[in-house]
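In this text, residue positions in the first sequence follow this note's numbering: the first is 12, and each later residue adds one. Note sheet for the following structure.
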Amino acid sequence: MADASDDQDPFFERVRAVVAQIPPGRVTTYGDIAEHLGRRGAARTVGWALNDAVGSGLPCHRVVNRNGVLTGKRHFETPRVMEERLRSEGVEFVDEDRVNLDEHWWTPSDAA
DNA sequence: ATCTTGACCTCTA
DNA sequence: CTAGAGGCCAAGA
12 MADASDDQDP FFERVRAVVA QIPPGRVTTY GDIAEHLGRR GAARTVGWAL NDAVGSGLPC
72 HRVVNRNGVL TGKRHFETPR VMEERLRSEG VEFVDEDRVN LDEHWWTPSD AA
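In structure tokens form, the structure reads like this:
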């Protein structure tokens, strides 16, 4: 297994690693993750990674857009899951689909 | 192999 | 202030 086939470090794997390290009660943004990985405008790709992460055990509900809006709630099993989960963790909502980033903003650099 | 879509962000007019 | 376009990476048809 020393072939160039087991290299799982493109972008997907890295995004998942970061999202998996998001502590409860905290929220992060796509742009922050992308920027932390070295890609500033690759925020879209981050979402793609989560698209495959749904059901993989990743707390994708803790990832919101720059405005703190639960953009990806529609991709969940049920749009309600995302909101219910965040609320269950102690996250406060300033709007129907907007969380208080000023109170629960977590960054990849805050890990460890 | 090519084109389109996709859970985004940022800049410029 | 609002509106429009560009850029990034990956997967599906």
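Note that the Cβ used here is the ideal one computed from N, Cα and C, for glycine as well.
Item	Value
Runs of alpha helix (DSSP H) wholly within the segment 30-115 (minimum 4 residues, chain order)	41-48, 54-64, 90-100
Reduced DSSP secondary structure (H/G/I, E/B, other) of F186	Any question about residue 186 goes unanswered here, given that the chain covers just 12 to 123.
Identity of the residue in D43, A123, A28, A31 nearest G79 by Cα	D43
Which of helix, strand or coil DSSP assigns to A28	helix
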